[in-house]
Each structure stands twice: as structure tokens, then as C-alpha cells.
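Here the structure comes first, spelled out in C-alpha cells, and everything after it is commentary.
Number of protein chains: 4
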Amino acid sequence: MAGNSFGQLFRITTFGESHGVAIGVIIDGCPAQLDIDLEFIQSELDKRRPGQSKITTQRKESDTVQILSGVFEGKSTGTPIALLIPNEDQRSKDYGHNIDVYRPSHADYVYDAKYGIRDHRGGGRSSARETAARVAAGAIAKLFLQQQGIEVFAHVTAVGKINAPNLESNDLSALLQIREENIVRCADPATAHEMIEFIDAVRKDGDTVGGKISCVIKGCPAGLGEPVFDKLHADLGKAMLSINAVHGFEYGSGFEGSELRGSEHNDIPQPKAADAKVFKTITNHAGGILGGISNGMDITFKVAFKPVATIMHNQQTINAAGEAAEIKGKGRHDPCVVPRAVVIVEAMAALVLADQFLRNKLSIV
Amino acid sequence: MAGNSFGQLFRITTFGESHGVAIGVIIDGCPAQLDIDLEFIQSELDKRRPGQSKITTQRKESDTVQILSGVFEGKSTGTPIALLIPNEDQRSKDYGHNIDVYRPSHADYVYDAKYGIRDHRGGGRSSARETAARVAAGAIAKLFLQQQGIEVFAHVTAVGKINAPNLESNDLSALLQIREENIVRCADPATAHEMIEFIDAVRKDGDTVGGKISCVIKGCPAGLGEPVFDKLHADLGKAMLSINAVHGFEYGSGFEGSELRGSEHNDIPQPKAADAKVFKTITNHAGGILGGISNGMDITFKVAFKPVATIMHNQQTINAAGEAAEIKGKGRHDPCVVPRAVVIVEAMAALVLADQFLRNKLSIV
Amino acid sequence: MAGNSFGQLFRITTFGESHGVAIGVIIDGCPAQLDIDLEFIQSELDKRRPGQSKITTQRKESDTVQILSGVFEGKSTGTPIALLIPNEDQRSKDYGHNIDVYRPSHADYVYDAKYGIRDHRGGGRSSARETAARVAAGAIAKLFLQQQGIEVFAHVTAVGKINAPNLESNDLSALLQIREENIVRCADPATAHEMIEFIDAVRKDGDTVGGKISCVIKGCPAGLGEPVFDKLHADLGKAMLSINAVHGFEYGSGFEGSELRGSEHNDIPQPKAADAKVFKTITNHAGGILGGISNGMDITFKVAFKPVATIMHNQQTINAAGEAAEIKGKGRHDPCVVPRAVVIVEAMAALVLADQFLRNKLSIV
Amino acid sequence: MAGNSFGQLFRITTFGESHGVAIGVIIDGCPAQLDIDLEFIQSELDKRRPGQSKITTQRKESDTVQILSGVFEGKSTGTPIALLIPNEDQRSKDYGHNIDVYRPSHADYVYDAKYGIRDHRGGGRSSARETAARVAAGAIAKLFLQQQGIEVFAHVTAVGKINAPNLESNDLSALLQIREENIVRCADPATAHEMIEFIDAVRKDGDTVGGKISCVIKGCPAGLGEPVFDKLHADLGKAMLSINAVHGFEYGSGFEGSELRGSEHNDIPQPKAADAKVFKTITNHAGGILGGISNGMDITFKVAFKPVATIMHNQQTINAAGEAAEIKGKGRHDPCVVPRAVVIVEAMAALVLADQFLRNKLSIV
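Chains as they are written, first to last, in the numbering used here: chain A, 6 to 370; chain B, 6 to 370; chain C, 6 to 370; chain D, 6 to 370.
Here's what the structure looks like:
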């Protein structure tokens, strides 16, 4: 009820604060006999890890993950999988100056209002460090989905006002390779170059900037998603909106689709070729989801991230007594979160898909 | 697990099909001793009711609600409140021609794919008729919130490419009155007039059009929302995305906010006046929510609806065997859903707020 | 959270008060394509119905059930199944004399303490009338289990100090026939005769008496039950203890088993015959469950019911002000609940099994 | 859904295997600002620890607990509390001889049947070692209950056929002191002596024996428990039945109560003394619970444990192929679990009470 769990059947519970002993996650509901590839989990964490490039925070964490339970001789046993990531570079002293001051657009005030107590070190539980646990769990969800032929791919499609062109390729492996060749994680190299230059300039200004991430899911069979409240896109939306700094979510035709007429927006089904298995439509304004249920077409959605609140400027604010105070621009932070958030978006999408895949097994017995 | 329930503590479960005997809802978790005003519930349903104007579907349903349980001498008793809305104008025969044909951009195919069986009459469970049950339950959530001084207000801010200007007023009662004076439910009379003309023209074309609804919540105390997965805006987002035809959700600065710099986006807290109780910021890009928790400022969000898929044109499609088929434009439908969806948006927002209000009571004991 | 739902995947939510408009239940999670036999559901309700014999309460209710949703052309569709049972013989006036007095060993006081409001008519929500909704839902669970070859059978094995001998038969249909030939529902005719005489004598004394019901489940495959908190017997225990008047639950060797030594209690597995499929042990102290998981042997448990609190004697008690008061013996009641509770025990057992059957489908994917 | 979580609002999730790296627990929903006394948590674990006396298993584990998150400057913060207990004396090689053989009355076969894979080392997840995590979490629940004036006390009241007399005292601290002065944890010293002698004799025979534990809860206010499925005693029953080796649960008058008449069983309320706050009855057959809701009287229940399945005798059994096999009596085990289970019973009771205490805060708003 305190909201630290996600998913119904493939269910995760995360714990840990930015500057505590460790963060971690329990996965309850991973089916037995899945091959658990620890190196893959670690490689996913490496994509979210701080300090990986000049455009990310310089906090030093190796984010080395340990498996505490639920895996025997390399396979899941059906019992809870516990993953632990010790914190290494806590440097709590960096945050001593902020104890009594509410940082603008941070969660400091609301934690005090809600709990009457707050672990002020690095934002405590409100820090995006918690998402490392999600990435670790999401890696196991990806292994599960791979077994079912489902692939999840995200990349940065906007930084500030710089937008990437639409992808033409259907080869997600190739796109992944291109994406990982640049530090901003945009699968269009020319745009990537422009974005990196811009983030670097923003960083030198001591400022931050927002951006957008687009995601596509291929190979998803028809039938995933529950028809009323737990529509597939509603679960994806909640998953994305639960990521730190996300302010918007749209799928398929999204906000722009609301400007169209039905005669323009309707996706016309194509007669099935002799040997085909799947439902196909000419356009895909539906984003692969009808009535909340996957239709077998590509699932597409987009996520908007606001700019990071920690900036290197001095800012006016208030203290816990409500009096005027000034906060100094100081500490470590990301000038733009989207490069590190790509793998978080994928992880959360994979967790939703794994959960809805299991749920759909119950539709007919 | 089948996704017909919403909320954790103030929890609803809906049931019923478009052309079955009745639809209804159970509310489990409404605290005892709340005054249950049946007339208010009915007046909310009247705002969603079909046939209320020339720009809505002509299906005839009085949507008369009955209380079956949980209320004694006008007050909630703490036991489940069951609300029933009998279906009156089922006219199943209207839908006989669609049994074997998958209507474009409808859920027909995916229900067959998921369940291997489908109540084809009027879309069965996938019909937006299910939302009447939400409106009835949402009315009780509103009564609960009123007791706490929390007000929820939504109105239509876009139809196709026609956009309303931003509201300047803080007086929600006045805005509500203006909104209810026009059939499109936009609180700006001039824009409302334009929207109505446009919808009427679209209707005459046998076509449909999408739109947007904006919502503001006033009087919400700081502390609502759980910090990790069940962030207040994540729950609101899921609630909105679970409404039929919704394709996008944003709160506060939303998608546009992702184009800004941190120095522009940060909301600067103002020193508290001597007798003030609340946290105040100069701007409200946060949309009243920081780190997933309400901060006491106005909560603001926007929802995008795609155009209705049922149009009066003939369309190409396929049948259950995957063969080419044509579907005739015939039946009753809404040219634009947003006028009737305003009260659904409010209902779902009220359900989220009531739920998170109760959850927040557990933060400190 | 208010505790009106039971089950995780095959999940029911009941509503309604003893003297309200109706009682009912929503089943969410019944897989699609199950044949729903309305006559069977009604026949199960008839076994719980009041007024069925001289040893049950004389309240007159036909308990006629209606299906409101979730069934199309005789089959489940995968959407919520709503079942409604209107109340007919409410006679609220019978209860007017008890408004301000707390009946001994009834829930009157605790409802006031918990909610500060109470529907005093016939016990409101605390009445065992709520169990009719469980029997209706349990009938659908039985239909589901039958499809899987799982049978549930219960009968009365004790009334007061009169105990039935152990059953020797494996033919549950034959036992069911014998059980239904006597009004106390004991499958041993000689004991049944003795029990009926005794209950009738107790009734003439204006008194009540407790009893015990034993249940056996045949055909359950190995693997049902989750290993830690949701052990199969823990879920069965909770299900039984949630039935009105139940004060004890034991499975397999039960309380007596705690007096044995391990060398006596261990069930020795037998080598598998050439064509056999199942695990077999010589004894079955385990009651068909090891480590919380079914092992394929018969599942056996026993449930103890206290005597009904409503008696026809005058009793001392207190009123809402805490002052001494006297309560008159008056109204309608059962001299012994176990004959009507047999089908409730079966229904709750079936609901647990159906739920755990679905859960077990997720163990390996 | 995989059943490794317990509780709704004060919710725990345990993880870990007998011979893995560690076991542990996440508590999600502990309110903020509770004083977390690490020494108390450790002292509770010490009561369950193996190797504490001659009548417990000789496995060597210090069961030293670490807090990983959720506590700041000695107080709970409202975020998840993670507790870790590393395994020290795994000695997996001891169990190599049992890999392919199903130990009689152990969970080996059913894990294979359910998951198709099994961590055979020391029983893996089916080992009672998992209960250490429950005791750690239960200690925090006890701290929470102490703050509310609620005390939980259990002790051993039967070993085999040796039964303790009923307690006369209301002073739980005094009883606790007496209980902790003997290694069998019976609060009656004479019976304790007899029990210890008997267990020691059984141990020398290489055998095991079952027993019973009784529990009393004092200071619980009226109103805890939800009226239909989540009755207070139903939750207590499930909690107890989820403990390894438990085969029976009864509360208040229990199984014996089912032999009584209503006129004998009804608890007569006493007029309230001028300054009294609580509801009082002359007898307490109800065990402090009416209609599933606490009435303010002492809550009483009893739990039956079967004898431990691991004995030092050679036993006939089968292997995974279903062929006859013999198992040698070898390894470490408890001759009787009840002395170590007393604190597990208390922990699970405390978790239920803490959960229902929070739930009851939502009854009236």
C-alpha cells in the first residue's frame, strides 16, 4: 500500500535510499526454469550507471549487482529473486548544507509534509538512484520476454527542442548497436551529435535540460492487457509516469491523434496473406493496442522528461520554517537525464509486458 | 487480476456489458458515516448520459441508478456500496451485421484473440458504457472529497485543432456553471460555440473528431501520493489512460516542459506569509506534485482523446477468417466523446484522490 | 482492503445486508469459455436456503439467483460475472426491539465500535445471509474444477458430542446421494438420524448447538498452493475461518497429529506402479498437502462451528450506554448451522482450489 | 501472487533459501517515526536461533540482522525497511545424499512437481529457516503495537501428550520471564521440566514429537478485523497455518466449543462500571473476537504443530523416478519445533495485529 511494489504477477518490490547501505529489489513471481544471465543484468545496469560519460553525473558507483536468492545452478526456481546493489560513493557530507532548506522543484518539502521525517542525504528514497533496482529487475523481465520472442527498444528522440527523425528500420539489434555508439543514446547519429553538443553547452552553463524517449516493442502477441482498468497502455503509462522526472506519456497517435478525424485515424485491417499468422493494419495510429489489448502490431509510446531540478545556479527558496533562504549550486548531477533513462524506460516496459504476458495466460484455461 | 477493479483502499469493481441486463459497481472501502446523496450521484450520471444533446449519441438510456447495499438511513456504513444501472435500450439487433466482421480501430479482434469468445452486442464489455459505473462511483468519491475540502473540475479545452485559452479564474463553482451552460462543456463560451459548430459539421459528414480535456484539483493538502511506483500523477495517468479512447496524459508542464531548461522550469518557493498554512511557488510547472506527492498547490493535468472509431462511412476491413470485408456506416455513435467524457475524467480523478487521501492517513500513526 | 473480496486470480467480491434490497457477488477472473449452468448454481443455493426443513430457520427466501453480466450464450466471456439474489422476506420490524441492545455473542457491539453506525436489521452485513453470495460464486468455481477433474465433498461429522464414524467410501457421488437423503447432511444414515433427533430436541428447548463438518477433495493434481504464506492449507484455513460461527480448522492429522512422534506421523511414499501417474503414500497424515503444496493425495480437513448465538431464552446483556438490559428470546434462527453450512464449506473450498489452480499455471512458463 | 508477501497495509515480503547467501525481508507500510530498536529485533531472533539449547538443532547460525534501508537516525521514515540475515553455516554437502530421493513428509516431491526444479540444499525455500525473516519483521510489528499498548504473548502448552495447565496470571511480563527461564518455553515450570525430559528422551531415540502453542493478546482495542473475509481470527488462522509444520488452529472456545449449546457458550456482557472504557463479558468463549472484529477482551488462540519429519531412523521412500529407495537418518534437526516456534507464533500474530490496526484507521474518516 506504501507503493514500493509494481506488477501483479511478475511483481517487484524495491528498497533503499540514495545514501544508505544498499538498494535492491525482490522479484516475486518470476516463473521457474528461466536462465538467469548475471552478466546481462550487469550490462543493463552499466547503461544506467552514473559517471559513464561527460554528460552524466560524476558520482562514482560501480552498481555491482549480487543475487541473494531464487536462482539455483543458473536458473530461476520460482522462489523470490533478491538482487542487491551496495552503495559505494555516498558522500553524505555533500548534502549537509541542504538539511533545513527545501530545494526548488525537489521532493524535500513533500516528504516532510507526508512523513514528518526525511532522510535528507542525496534525496533519500526520492533519488533516482532507486531506479537502478528497477533496471536490475527489468533485465530479468527482458530475459523472460526474449524467451517469448518479445523485444523492447527505446532511444532518445528529443533533447530540449532538438528532435530526432522517425526511425525507418525494423531491425532492433542494429538500432541498439547504433544507439550504444553514442553517449546520448539516440539511434540517429547526426541528431545524437547535435544533442551531445547541446547538453554539453547546457552543462557548462550549470543548467539542465529535458527531453523525450520513444519506445517500440516488437513480437508481442495479440491478447496482452486487461480490458478495463489495467489496459496495456494504462499500465505502460503508469510505469513510465512512476519514473523520476517524467511529466507526460502518449502511445500510438498520442496527443496529435486527438486533432484528427475518425476517417483519418482508423487503422484499416489488411486481409491475411495465406501463410500469415498476424493481424495487420495499414497504419498504426493504435500503437499496437486496441481497447487496451495488444493486437500484434508494434507497440509504440513516447515519454517526456522535465529538466533535472538540481542546477549549479544559486536559487531563492525557503527553509522548513517557511522563511526565505538561498541555495547554492553545488554537488553532482546530470545535465540531462534522458541518456541514462533509456534503459529505465525499457526496464519498466519489460516489467509491464512480462506481467501482462502472465496475466493473459489466465484468459482461457 | 482480470483488471476490473481500481484503487487500493477506496476500491471499485465494475461489471456489465453494453447490451446485457445491467451495469454496476461495488465500492469497497468507503469509510462509514459519509452522507450519500443519491440525487447528486444521479446528476453526475446525467452529465454522461447518452442522448443529452444533438452532439451526442442518440441511444436512449435514463441511466437511473439504484443503491443495493452499504447505505443505511442515508449514510455509508463501511460495508460495500453496490450501485446498479439497468440497461434499457439494448437494441442488440442493430449489431447483428457486425458479428463476423472486425470493425476498424475497435476491440473486436483483440477480444477474440484473448478470450476466444466475444459478446459482440454493442462492443460488450469494451463499450464506453462501462464508464457510467465509474461516474456513479466517482460521485461518491466526490462527496468524500468535498468533506475534506477538495474540489475537482474538468472541461473541454480542445476539439480537433480548436483550443480554448487558459482559464484565469480560481472560482470552480463559477466555471462549472459556465461549462454546464453549453453542450460541449468548455468553460470558455466563445470557444465552446466554435467547438459545437465544428462537431456538428463533422457529424453531418458522418465523421468523428478527437479532443482534449483539462482538469484542475483545488484544496488538496500536501502529502498525497506514494513516493515510488504509486506517485500521485502515475495513478492519475493510469486512471485517465484507462478511459476509452484516451491516447495521452500529461501533468504540470507536460510535454512542453521537456523542452525547457532547469533554470526556467524550477518553481521557486515563496516565503510563507505570517498566517498562511500552505507551501506556495511562484510558477507551478510541477502541476502541484513533487516526487509523486502533492505539495498543496493546484494539481493540473491534460488528457488527449482520439476520434471515435465508429463512423458513418463504409470502410474496408476483414472478417474473423482474415478475408477482406466491407463494413457499412450504420448505428448510433458520438461524433466527439469529449463533452460526455468530462465527468468521467472528474470521476476517475476523484477516485484517485479519495484513494490516496486514505493511503496518506497511514504515513504516520 | 475492507475485506469483502476473496481470492487472488479467481476473485470474488460480495455485497449486501441481511435486510437490504439484495445480496450479490462479482466474480472477476473466471476464465473464458466455461459452461455456466444456471440450474446448478440454483441447486447449490437451494442447499443453503433457509426454511428447507424443520431444523433450519423459518425465514422465507427463495434465494433465486440472476446473472447480470459476464455470460454470453451460456459461456463465461472472461469479463466479470455478477450474480444477484434479491431479498424477499426482510421483516425488518422483527428486529426493532434490538436496536439499542447488544445481543450476547453477536457482532452488534463491535460494529458500533468500529464504524459508529450499524444496520441493525437482522445483523446487517454480519448476518450469515452473506454466505449465499459465496455459495453462488462457489458453484461457478465447482464448475471450473469439474472441468479439471477435481471434486469437493463435505458433510456433517459432528453435532454437539455426536460424532460420525470415518467414511470408508471413495465414491463421492454415492456419498453425496446419501448425504442429501437426510436433512442434517451427514453421509452416515444412522448417525444422521441421531443428530436430527438431537437438534430437534435442542430446538424445542429454545436452544442451539454447535457441530463439525469434514471435507475431502479428490482429483487435485500435485503442485497447488504457494510455498510460504499462501500455503494451500493456510488459504483453506482462512476460507473456513471466514465463515460465520467457525472457531477451528485442522487438516490431515490436525490437533491429534501434534501428539504423535515423527516415526509414527511420517507418510511413507510407495514405489510407483508401472502405469501410475501419481505420488502415493501409505498413510495420509499430511492431508494431501506437503510444505503447503498439494501432493496429489486426497485433501482432508475439518471445521468446527460454535453454537448459534440467537436462542429463545431471555438473556442479560447491556445497551449502547453500557447499562444492564434484558433481551427476549424472539425471532427466527437455526438451532444448528451445520446442515446449511455444508455447502458453504464446499463453496469456500472450491474457491480456494480454483484460485490456486490458476496460480499454479504461472509456476513454469 | 507467488505468495511470499503477507499483510495488506503493514506488508512483508520474505526471500532466501536455507543454504543460499542470505535470507531477508522487506517491510513496506511501516508508518514513519517509529523508534526502531535493533537490539530488540536481535533479541527476538535469538529466541528462534538454532543451537540455543540441547533440545534444538545444532546448526550454527548467529542470525545477525542488518538494517539496509528505511531507518534514519533510529526512526522509521515511512519507506521500505529491508532486513538482511546472512547465512553462515550452510554445509550444503550434508544434503548431497538426498538430491534424488524424496524424504518422507518433506516438500521435496511437491517442489519438483510444481516447479520442475528444486534447490535441494537443506530444503531450499521450504526450510523453516525462512521464518527467521518473519521474526525480524514481527519484532518491528511488536514495537509498533507496544506504542499502541498491545501485548502479544505465546508459550508452549503441549508437547506430545503432556499438557500445561491454564494460565491464571494477567501479568504478561512475569509470564515471559518464567517462560524464558526454561528451554522449552512453557510458562508453567513444572510442566516445562516434564516436557524437556520427554523431548530429550525422544531426541535420544532419534525421533521427534509434535506440540501445541497458545497465544494471548492483551490491550487490543475493539474494532480490529474486517467483517467478511478478513475477519481478525481468519487472518490469525492463515498466519499460523502458514508456519511450517502447523496442522491446526482454533480460537476462543475452539473445537471444544462446537460441543456446547448456545446457552452455555454465549458470553454475557457486564454493565459498564462508571469509569470503565471497555466492553466486558463474564466468560470469553469468543476469544476476544465477535463477527471477526476484536471486542476489547483478551484475544486467545491455540496452534498445533506436527512432529518434525526429519528423524534419525532409516526410512523407506522413493526416488524421482518413483523407484523404491532408502533414506538414512543423518543431518541436523530439531527433536521438537515448539520451543523455537513460540517467537514465530508471536511474530505472525503481531504482523496480523499491526496490519489490522492500520486497516481499522480507515473505518471512519
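Glycine included, every Cβ here is placed at the ideal spot set by N, Cα and C.
Computed from a prediction, not measured in an experiment: that's the story for all the values here.
Residue closest to D:Phe306, alpha-carbon to alpha-carbon, out of D:Lys335, D:Pro274, D:Ala329, D:Val350:
Position 301 of the fourth sequence holds residue 306 of chain D. Considering only alpha carbons, the answer is D:Val350.
Taking only beta-carbon positions, decide if B:Ala309 is within less than 7 Å of chain A.
Reading the second sequence from its first residue, position 304 is the one you call residue 309 of chain B. Cβ-Cβ to chain A under 7 Å: yes for B:Ala309.
To the nearest angstrom, report how far apart C:Gly121 and A:Arg139 are at their CA atoms.
By 1-based counting over the third sequence, the position of residue 121 of chain C is 116. By 1-based counting over the first sequence, the position of residue 139 of chain A is 134. Roughly 43 Å between the two C-alpha positions.
Return the bridge partner residues of B:Leu89 from the DSSP annotation.
Sequence index remark: in the second sequence, residue 89 of chain B carries index 84 (1-based). According to DSSP, which records beta bridges pairwise, B:Leu89 is partnered with B:Gly29, B:Gln71.
So which of D:Ile104, D:Arg108, D:Arg123 has the shortest CA-CA distance to D:Thr315?
In the fourth sequence, residue 315 of chain D corresponds to position 310, counting from 1. Closest by alpha carbon: D:Arg108.
Using CA coordinates, which residue listed in C:Thr84, C:Tyr116, C:Pro91 is at the minimum distance from D:Leu295?
Within the fourth sequence, residue 295 of chain D is the residue found at index 290, counting from 1. Nearest of C:Thr84, C:Tyr116, C:Pro91 to D:Leu295, Cα basis: C:Tyr116.
Spatial distance of D:Val233 from D:Ala144 (CA atoms)
The sequence position of residue 233 of chain D within the fourth sequence is 228, counting from 1. The sequence position of residue 144 of chain D within the fourth sequence is 139, counting from 1. Each residue's Cα considered, the two are about 28 Å apart.
Using only CA atoms, which one of D:Thr288, D:Met302, D:Lys311 lies nearest to C:Asn289?
Walking along the third sequence from the start, residue 289 of chain C turns up at place 284. Cα-wise, what sits closest to C:Asn289 is D:Lys311.
Is it right to say A:Ser263 is buried, meaning 16 or more other beta carbons lie within 10 angstroms of its own, or is it exposed?
By one-based count along the first sequence, residue 263 of chain A stands at place 258. Its Cβ being crowded by 16 or more others within 10 Å, A:Ser263 is buried.
Report yes or no: is there a C-beta of chain D within less than 7 Å of the C-beta of B:Val76?
Here the question's residue 76 of chain B lines up with position 71 in the second sequence. So, not an interface residue.
Whole angstroms are fine: how far does the CA of A:Glu255 sit from the CA of A:Gly242?
Working through the first sequence from its first residue, we reach residue 242 of chain A at position 237. Working through the first sequence from its first residue, we reach residue 255 of chain A at position 250. Taking the straight line joining both Cα atoms gives about 8 Å.
Pair every Cβ in the segment 65-77 of chain B with every Cβ in the segment 36-44 of chain B, then say whether three or more of these pairs are closer than 8 Å.
yes
Going by DSSP, what residue range makes up the beta strand (DSSP E) through D:Ile304?
As a position in the fourth sequence, residue 304 of chain D is number 299, starting the count at 1. Its beta strand (DSSP E) spans residues 304-310.
Residues in the segment 79-97 of chain B having any Cβ partner in chain C nearer than 7 Å
Lys80, Thr82, Gly83, Thr84, Pro85, Ala87
For chain D, find out if any of its Cβ atoms is closer than 7 Å to the Cβ of A:Glu22; answer yes or no.
The residue you call residue 22 of chain A lines up with position 17 of the first sequence. Judged by the 7 Å Cβ criterion, A:Glu22 is in contact with chain D.
Assigned exposure category for B:Ser131 - 16 Cβ within 10 Å defines buried:
Indexing the second sequence from 1 puts residue 131 of chain B at position 126. Buried, since its Cβ has 16 or more Cβ neighbours within 10 Å.
Of the residues that make up the segment 209-234 of chain B, which ones have a beta carbon closer than 9 Å to any beta carbon in chain A?
Asp210, Gly211, Asp212, Thr213, Val214, Gly215, Gly216, Lys217, Pro226, Ala227, Gly228, Leu229, Gly230, Glu231, Pro232, Val233, Phe234
Quick check on the DSSP output: the beta strand (DSSP E) that includes C:His252 runs from which residue to which?
Residue 252 of chain C sits at position 247 when you count from the first residue of the third sequence. Run containing C:His252: 251-256, per the beta strand (DSSP E) assignment.
Beta-carbon contacts of A:His318 that lie in its chain and below 8 Å, excluding the five residues immediately before and after
Taking the first residue of the first sequence as position 1, residue 318 of chain A is located at position 313. Cβ within range, chain order: Gly211, Asp212, Gly334.
Using a C-beta to C-beta distance shorter than 7 Å, which residues of chain D count as neighbours of A:Ile31?
Indexing the first sequence from 1 puts residue 31 of chain A at position 26. Within 7 Å Cβ-Cβ: Thr18, Phe20, Ile31.
For A:Glu328, the nearest candidate out of B:Gln275, B:Ser10, B:Lys282 (CA to CA)
By one-based count along the first sequence, residue 328 of chain A stands at place 323. Comparing Cα-Cα distances from A:Glu328 to each of B:Gln275, B:Ser10, B:Lys282, the minimum goes to B:Gln275.
Can you check whether the C-beta of A:Asp272 is within less than 7 Å of a C-beta belonging to chain B?
For this step, residue 272 of chain A is matched to residue 267 along the first sequence. Yes, contact with chain B.
Can B:Asp339 and B:Thr62 be called in contact, C-beta distance under 7 Å?
Taking the second sequence and counting its residues from 1, one reaches residue 339 of chain B at position 334. Taking the second sequence and counting its residues from 1, one reaches residue 62 of chain B at position 57. Result yes, Cβ atoms of B:Asp339 and B:Thr62 sit closer than 7 Å.
Please name the residues in the segment 252-265 of chain A whose beta-carbon is closer than 9 Å to at least one beta-carbon of chain B, in chain order.
His252, Gly253, Phe254, Glu255, Tyr256, Gly257, Ser258, Gly259, Phe260, Glu261, Gly262, Ser263, Glu264, Leu265
Per-residue DSSP class, three states only, for C:Leu295:
The count along the third sequence starts at 1 and reaches residue 295 of chain C at position 290. Looking at C:Leu295 - three-state DSSP - the assignment turns out to be strand.
Any chain A beta carbon closer than 7 Å to D:Asn9
Along the fourth sequence, read from residue 1 onward, the residue named residue 9 of chain D stands at position 4. Yes - at least one Cβ of chain A is within 7 Å of the one on D:Asn9.
Taking 7 Å as the threshold (beta carbon to beta carbon), is B:Tyr120 in contact with chain C?
Residue 120 of chain B sits at position 115 when you count from the first residue of the second sequence. Yes, B:Tyr120 lies at the interface with chain C (some Cβ there is under 7 Å from its Cβ).
With 16 other Cβ atoms within 10 Å as the buried cut-off, status of D:Gly79:
On the fourth sequence, position 74 is the one that residue 79 of chain D refers to. D:Gly79 is exposed by the Cβ-count criterion.
Could you say which of B:Thr136, B:Asp113, B:Ala118 lies nearest to B:Gly127 if we only look at CA atoms?
On the second sequence, position 122 is the one that residue 127 of chain B refers to. Residue B:Asp113 is the option with its Cα nearest to B:Gly127.
For A:Asn365, the three-state DSSP class (helix, strand or coil)
Start at 1 with the first residue of the first sequence, and residue 365 of chain A comes out as number 360. Residue state, collapsed to three classes: helix.
I'd like to confirm the pairing. Which residues does DSSP put opposite A:Lys217 in its beta bridges?
Position 212 of the first sequence holds residue 217 of chain A. Paired residue(s): A:Ala163, A:Ala309.
Residues near C:Glu156 by beta carbon distance below 8 Å, same chain, minus five either side
By 1-based counting over the third sequence, the position of residue 156 of chain C is 151. Correct list, in chain order: Leu150, Leu177, Ile222, Lys223, Gly224.
Could you spell out the range, first to last residue, of the alpha helix (DSSP H) harbouring C:Ala197?
Numbered from its first residue, the third sequence carries residue 197 of chain C at position 192. Start and end: 194-209.
For A:Pro194, count the other beta carbons within 10 Å of its own beta carbon; 16 or more makes it buried, fewer makes it exposed. Which is it?
By 1-based counting over the first sequence, the position of residue 194 of chain A is 189. Exposed, because fewer than 16 other Cβ atoms sit within 10 Å of the Cβ of A:Pro194.
Is DSSP giving C:Gln182 helix, strand or coil here?
Indexing the third sequence from 1 puts residue 182 of chain C at position 177. Three-state DSSP puts C:Gln182 in a helix.
Please determine if the segment 84-93 of chain B and the segment 24-40 of chain B are in contact, where contact requires at least 3 C-beta pairs separated by less than 8 Å.
yes
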